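K.L.:
In order, the protein sequence lines correspond to chains S and U. One point on numbering: in the numbering used here, the residue at position 1 of the first sequence is 1, and numbering is uninterrupted. One point on numbering: in the numbering used here, the residue at position 100 of the second sequence is 203, and numbering is uninterrupted. Positions of the beta carbon are idealized from the N, C-alpha and C atoms, including for glycine. Note that this is a predicted model, so its numbers are computed, not measured. One structure, as structure tokens, below. Some questions next.
2 protein chains.
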Amino acid sequence: MKSQRNTTTSEMQNNCKNVAAILKAISHPQRLMILCHLEKGAKTVGELEKLCGGSQSSISQFLKLMKLEAMLTSEKRGLFVYYRIHDPKMKKLVLSLYKIFCK
Amino acid sequence: MKSQRNTTTSEMQNNCKNVAAILKAISHPQRLMILCHLEKGAKTVGELEKLCGGSQSSISQFLKLMKLEAMLTSEKRGLFVYYRIHDPKMKKLVLSLYKIFCK
DNA sequence: CTTGTATATTATTATATATTAATATTATAA
DNA sequence: TTATAATATTAATATATAATAATATACAAG
């Protein structure tokens with residue numbers, strides 16, 4: 001196994017750029033809350049609105065942002081749109097954050 | 104062990120607020136890079152400047168910010184100021200991020 | 001075809017952050 | 001003392017983000 005200590009500076013810079021962008025996308029109370037709820041399964045926009053306590057517009061915009069970052073996918077069924085976590089790494093991240101900061 | 108699924112909404116809101124603030128502080132390529140380098144041990148401002156590739160002023164400002172968030176501590180020795188990670192949770196976070204996103 | 005509901009989009013404004021330049025502070029050494 | 005090196009602070013500006021309101025779209029039911 002290659003240890004972190006062998007990572008070159010340019011690899012590190014690239015990794016940090018990528019990871020910082022991911023963290024930026026979820027470093028907002030409601031966006032993080034959305035992700036935490038989705039970790040338990042798919043939800044509609046309206047459900048997330050009630051669970052996370054934001055306006056319809058802001059929740060929709062947050063979801064769009066996280067979808068653009070390829071964290072989420074959406075599926076339309078009739079009037080409702082179901083969002084779910086697409087990238088398994090994001091699930092891992094949510095669980096790690098919980099373990100580290102919320103026990 | 105209490106599972107995450109039993110967390111109440113207001114607990115979740117509070118946790119998300121706190122964790123989002125932490126993530127926000129490190130969701131910047133150079134600040135994350137600083138943290139990654141400090142995970143390996145204390146460094147001076149000048150060392151971090153070279154390692155992370157920012158101006159003297161910006162690195163100093165980043166360090167100040169992360170110190171305010173109680174992530175780092177500093178110690179002056181002569182002309183040099185050594186910064187190190189203060190909160191062990193931040194070390195855990197850096198290692199988790201590495202495991203999830205950088206392998 | 002019109003009404004109601006869920007979601008998305010757009011535009012606007014306020015606020016926060018990033019970046020840079022310039023200057024200040026502190027300690028050391030000549 | 002004066003000079004120099006390391007770090008910190010301040011100020012200015014540009015850019016990004018957050019929050020909100022208003023409007024638009026898409027679908028379903030009647």
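For V197 of chain U, which residues of its own chain have a beta-carbon under 7 Å away from its beta-carbon, when the five flanking residues on both sides are left out?
P.N.:
Excluding positions up to five away in sequence, the list reads L138, C139, E142.
K.L.:
For F165 of chain U, would you say it is in contact with chain S, using Cβ-to-Cβ distances shorter than 8 Å as the test?
P.N.:
Output row for F165 of chain U: interface = no.
K.L.:
Is it the case that the segment 67-74 of chain S contacts the segment 85-99 of chain S, given that we only count it when at least three CB pairs across the two stretches are under 8 Å?
P.N.:
Taking 8 Å as the limit for Cβ pairs, the verdict is that the segment 67-74 of chain S does touch the segment 85-99 of chain S.
K.L.:
Scan the segment 122-192 of chain U and note each continuous beta strand (DSSP E) run of 3 residues or more that stays entirely inside, going in chain order.
P.N.:
If we require 3 residues or more, the beta strand (DSSP E) runs fully inside the segment 122-192 of chain U come out as 175-180, 183-188.
K.L.:
With DSSP collapsed to three states, give me the class of V94 of chain S.
P.N.:
In the structure shown, V94 of chain S sits in a helix (DSSP, three-state: H, G or I).
K.L.:
For K179 of chain U, which residues in chain S fall below 7 Å Cβ to Cβ?
P.N.:
Neighbours of K179 of chain U on chain S: none; closest Cβ ~27 Å, over 7 Å.
K.L.:
Could you tell me the distance, in whole angstroms, from the CA atom of S106 of chain U to the CA atom of L23 of chain S?
P.N.:
In this prediction, S106 of chain U has a pLDDT of 47, which is less than 50 and means its spatial position is unreliable; what the coordinates show is noted afterwards. S106 of chain U and L23 of chain S: Cα-Cα distance of roughly 24 Å.
K.L.:
Does the distance from the CB of N118 of chain U to the CB of F101 of chain S come in under 8 Å?
P.N.:
Cβ atoms of N118 of chain U and F101 of chain S: closer than 8 Å.
K.L.:
Can C52 of chain S and M66 of chain S be called in contact, C-beta distance under 8 Å?
P.N.:
It is not a contact, given that the beta carbons lie outside the stated cut-off.
K.L.:
Let me know if E49 of chain S comes out buried or exposed under the rule of 16 or more other beta-carbons within 10 Å of its beta-carbon.
P.N.:
It counts as buried.
K.L.:
Please confirm whether L154 of chain U has its beta-carbon closer than 8 Å to some beta-carbon of chain S.
P.N.:
Answer yes: the Cβ-Cβ gap between L154 of chain U and chain S drops below 8 Å somewhere.
K.L.:
Would you mind telling me which residues of chain U sit closer than 9 Å to V45 of chain S, beta carbon to beta carbon, in chain order?
P.N.:
Result: empty, since nearest Cβ-Cβ is about 18 Å, beyond 9 Å.
K.L.:
Between S:K43, S:V19, S:T7, which has its C-alpha nearest K76 of chain S's C-alpha?
P.N.:
Ranking S:K43, S:V19, S:T7 by Cα distance to K76 of chain S puts S:K43 first.
K.L.:
Would you list, in chain order, the members of the segment 92-103 of chain S that have their beta-carbon closer than 7 Å to a beta-carbon of chain U?
P.N.:
So the close ones are K92, L93, S96, L97, Y98, I100, F101, C102.
K.L.:
Taking a contact to mean a Cβ-Cβ separation below 8 Å, would you say V45 of chain S touches S55 of chain S in this structure?
P.N.:
No.
K.L.:
So, under 8 Å CB-CB, S130 of chain U and S58 of chain S are touching, yes? Tell me the CB distance rounded to an integer number of Å.
P.N.:
That pair is no contact at about 19 Å.
K.L.:
Please state the DSSP three-state secondary structure of C119 of chain U.
P.N.:
Helix.
K.L.:
Count the other C-beta atoms from every protein chain shown that fall within 10 angstroms of the C-beta of L68 of chain S, then say buried if there are 16 or more, exposed otherwise.
P.N.:
That one is exposed.
K.L.:
Taking the alpha-carbon of P132 of chain U as reference, which of S:E11, S:Y98, S:K91 has the nearest alpha-carbon?
P.N.:
Comparing Cα positions, the closest option is S:E11.
K.L.:
For S96 of chain S, which residues in the same chain have their Cβ closer than 7 Å to its Cβ, ignoring the five residues on either side in sequence?
P.N.:
Closer than 7 Å at Cβ, skipping near neighbours: no residue.
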